[in-house]
Amino acid sequence: MAYVETKAALKRLVAEKVVPGVSFALIDGDRVETGQYGVAAIVPHTEPLRPGMLYDVASLTKVVGTLSVVLQLLATGRLRLTDRVHDYLPEWQDKRVTVRHLLTHTSGITGYIPNRNQLDAPALTHALLHLHVGPTFGRKMVYADVNYIFLGWIVEQILGEPIQAAVQQRVLTPLGMTHSTFTPSDPAACIPTAVTVTRGLVRGEVHDPKGYVLQRRCGSAGLFSTIDDLIRFCQAYCHPETVPAVLPPRYVNQLTNDWTPDGRAGRSLGWALTATQWPQAHRVIWHSGFTGTYLVIDQAAQQAMVFLTNRVHPVAPNEPYLDQRNAVIGTYLAEKSRYANHDFS
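In UniProt numbering, the protein residues as written are 1 to 345.
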């Protein structure tokens, strides 16, 4: 494989000090190219980026973990898209909000929680369940962690175990993602994220504040993973029929559809949608994480890109990264169309 322009764009992210380092994988069917540029850390001292290191993948937890379990429950009839959140979480009073709204970020749930990051888990849980629904309900996609936190709690009500335990048992283990975990045993094997006033250098613990408070009951963040494990995940997504109990083909094969209530808000179940041109103009799915991670999967072409970095190290949010990330994705989508079904190795 070549992907000269994509790899050059990744190198520029490091050379221009937008991110400390990058680990990546480019997948074309059975062919996979991996690589890394830069360093793992720059504070408290520069540290080499080693193969196999664990990244806090942040919101990739939503699609790799929580969404996968929810799709399993939908496929077996234990959950329905039309089920009301209130029926599972009665403390949530707005009876209009359904599972479909949560999955597609069209719930409109909004509101300010004073001193949110200082609350303990019971207090944060109570506060989240007493947010309100705003004017975007059902008609506009507004990305919000609370949707997947609620989905995690709904899964817990159905299965009787915290969402992160369910993800480990029902997704990570059966897919052979043996290095992925919510509880890294060796912080030194993890890429550090931000340096914060209250926690110091965050390493081996979830960066996301809500995930840090909610721990095993958080379905929106908390997963640590490696390039190799995420390659396995992407390849399984391209062939869900090989793991139907983990990734139900009935749903996974339709994830390029717009699943929002009116079919016009431009969001799938969990995944964001974008377009590519090979073999003809069609949609692909992608998702990012706040820490500087993303996956792009083109199921039709059996191509994917895994991109892992720690753009919040040492300081978040590093907003200039966002435009650069989108440019890299655009470069990849254009370039992969040219390389599809051609052997450049």
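Backbone N, C-alpha and C fix where the C-beta goes; we use that ideal spot for every residue, glycine too.
Asked, Found
"Would you call G270 buried or exposed, if buried means 16 or more other Cβ atoms sit within 10 Å of its Cβ?", "buried"
"Can you have a look at Q169 and say buried or exposed, based on whether 16 or more other CB atoms are within 10 angstroms of its CB?", "exposed"
"Which first and last residues belong to the beta strand (DSSP E) in which T6 is found?", "Element bounds for T6: not the beta strand (DSSP E) but the alpha helix (DSSP H), V4 to A15."
"Determine the DSSP secondary structure at V213, reduced to helix, strand or coil.", "helix"
"When you compare only the Cα positions, how much space is there between V246 and L255?", "15 Å"
"Start and end of the alpha helix (DSSP H) containing S68?", "L67 to A75"
"Using three-state DSSP, classify D228 as helix, strand or coil.", "helix"
"Compute the Euclidean distance between the alpha carbons of T260 and E47, then round it to the nearest angstrom.", "44 Å"
"Which residue's Cα is closest to the Cα of L295: H45, K11 and V57?", "V57"
"If you follow the alpha helix (DSSP H) that H126 is in, where does it begin and where does it stop?", "A121 to L128"
"So which of A75, P279, Q157 and A327 has the shortest CA-CA distance to V252?", "A75"
"Tell whether a beta-carbon distance below 9 Å holds between R78 and V99.", "no"
"Taking C-alpha atoms, which residue in V63, A275 and A8 lies nearest to D145?", "V63"
"In this structure, how does DSSP classify I285 when only helix, strand and coil are distinguished?", "strand"
"Measuring straight from C-alpha to C-alpha, what distance separates D258 and V4?", "32 Å"
"For Q157, count the other beta carbons within 10 Å of its own beta carbon; 16 or more makes it buried, fewer makes it exposed. Which is it?", "exposed"
"Can you tell me where the beta strand (DSSP E) with G35 in it begins and where it stops?", "R31 to A41"
"Can you say whether S185 is buried or exposed, counting buried as having 16 or more other CB atoms within 10 angstroms of its CB?", "exposed"
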